[in-house]
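Novice:
Numbering (my numbering), first residue to last: 26 to 405.
1) Determine, using beta-carbon pairs with one atom in the region 73-88 and one in the region 107-117, whether at least three such pairs fall under 8 Å.
2) With burial defined as no fewer than 16 other Cβ atoms inside 10 Å of the residue's Cβ, what is the status of residue 305: buried or exposed?
3) What is the residue span of the beta strand (DSSP E) that residue 361 lies within?
4) Can you have a look at residue 400 and say buried or exposed, based on whether 16 or more other CB atoms are within 10 angstroms of its CB?
5) Let me check understanding here. Comparing Cα to Cα, which of 299, 398, 46, 92 lies closest to residue 58?
6) What does the alpha-carbon distance come out to for the pair residue 359 and residue 346?
7) Where DSSP assigns a beta bridge to residue 111, which residues make up the other side?
8) Indicate whether the contact test is met: 3 or more Cβ pairs, each with one atom in the region 230-237 and one in the region 251-271, closer than 8 Å.
9) For residue 126, decide whether its Cβ has a neighbour in chain B, counting only Cβ atoms nearer than 7 Å.
10) Can you name, in chain order, every residue of its own chain whose Cβ lies under 6 Å from the Cβ of residue 389, other than the five neighbours on each side?
11) With a threshold of 6 Å (Cβ to nearest heavy atom), would residue 333 be considered close to the ligand FAD?
12) Among 159, 330, 264, which residue has its Cα nearest to the Cα of residue 291?
13) Which one or two residues does DSSP pair with residue 236 in a beta bridge?
14) Using a Cβ-Cβ cut-off of 7 Å (strictly less than) and excluding sequence neighbours within five positions of residue 311, which residues of its own chain qualify?
15) Give, in chain order, every unbroken run of the beta strand (DSSP E) that is at least 3 residues long and sits entirely within the region 177-203.
16) Taking residue 53 as part of the beta strand (DSSP E), name the residues at either end of that continuous run.
17) Spell out the partners DSSP gives residue 312 in its beta bridges.
18) Using the Cβ count rule (16 or more neighbours within 10 Å means buried), how would you classify residue 158?
19) Please identify the residue among 51, 298, 365, 124 whose C-alpha is closest to the C-alpha of residue 355.
20) Any chance the region 165-173 sits against the region 65-79, with 3 or more Cβ pairs inside 8 Å?
21) With DSSP collapsed to three states, give me the class of residue 382.
22) Near residue 46, which residues of its chain fall below 8 Å by C-beta distance, leaving aside the five closest residues on each side in sequence?
23) Measuring alpha carbon to alpha carbon, tell me which of 340, 237, 396 ends up nearest residue 375.
24) Leaving out five residues on either side along the sequence, give the residues of the same chain with a beta carbon under 6 Å from the beta carbon of residue 130.
25) Could you tell me which residues DSSP puts in a beta bridge with residue 289?
26) For residue 202 and residue 365, I'd like the C-alpha separation in whole angstroms.
27) Let me confirm a value: residue 361 is counted as buried when at least 16 other C-beta atoms fall within 10 Å, else exposed. Which label applies?
28) Report yes if the CB atom of residue 261 is closer than 7 Å to the CB atom of residue 248, and no otherwise.
29) Tell me whether residue 255 sits in a helix, a strand or coil according to DSSP, three-state version.
30) Compute the distance between the beta-carbons of residue 241 and residue 194, then report whether it is under 7 Å.
31) For a quick check, are the C-beta atoms of residue 386 and residue 363 less than 7 Å apart?
Here is the structure:
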């Protein structure tokens, strides 16, 4: 009965070995690394015939530098003592090609528990290894060129590359474990839109565009960025990778260009400048208009500045004061100032506010202002 069980067991072992022999590269070694035998799959992979490898040492499959190293000697010493090893190994085919193996070196023991030889089972993973190396190379290239940051699905920072840290002025230890909202204006970070932004990413939806973010020192940063959900083997998102480029200078340049287009200061006659003001006038825009007007007065040697405010959206105390500041600054530069586009509502506001226009002339229409400006220029 026991013999039958033993025979069955040996039969099963033989069947298993034959199955492995069909699908894996197998080679057998003495404890010192001398080759005893190899199957067809191994020989075909490495480009050898059996008689070319039997009796030779395992080092024929290795880079010469590694084969002469202490690490290689230690590798075979451990196997000779019966220690198992498994990993990805780089080996060399007969023609010098690199081959990557997912392999195990398995000491075989006798009845006394002593190791007598080593059997290696291997699978060729060269193609996947090269593909992985290609992917890693592409990621490294992207990382060198762009700011990269990784998040948990809820927006918690996992890691960031040097480009990202440099743009935002942080060290990695200052942001890892904190939420993405540290890069956002507080009002936006508390908004329903921001909540939905992370809900969408958490569902695996991609997002890209221009994003306004905040530097560590509180200044604004504009990014051209994409938020990319990364999926696991079951197609479930498990993290977000953001790739970004700093476009702050481009956005500021666009804003400046739009501002210049929205408030042009144009020479319309010898010594006469025309500045139509349209839209909302706040302190920043007032400052920009004033700088542009005063510089144009100097550059063009202008004697008259015509400010048309017919397109101003609303005139209240602040707006009126802003406009008067521009006009009076021009007067101080020796430039006669005419404000056109004074509607009844604007006239009433200026009167109620008690604003002293001084030497500043006003007209209700652009046409009358132009006649006044041109006649004044001709009389000069």
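We put the beta carbon where it would ideally sit given N, CA and C, even for glycine.
Specialist: Once the coordinates are examined:
1) yes
2) exposed
3) 361-365
4) exposed
5) 92
6) 20 Å
7) 129
8) yes
9) The structure shown has no chain B; it contains just one protein chain.
10) 367
11) Absence of the ligand FAD is noted for the structure shown, with no ligands found whatsoever.
12) 330
13) 248
14) 347, 350, 351
15) 182-185
16) 50-54
17) Looking at the DSSP assignment, residue 312 forms no beta bridge with any residue, so it has no partner.
18) exposed
19) 298
20) no
21) coil
22) 64, 66
23) 340
24) 104, 110, 143, 145
25) Bridge partners of residue 289: none, in fact.
26) 58 Å
27) buried
28) no
29) strand
30) yes
31) yes
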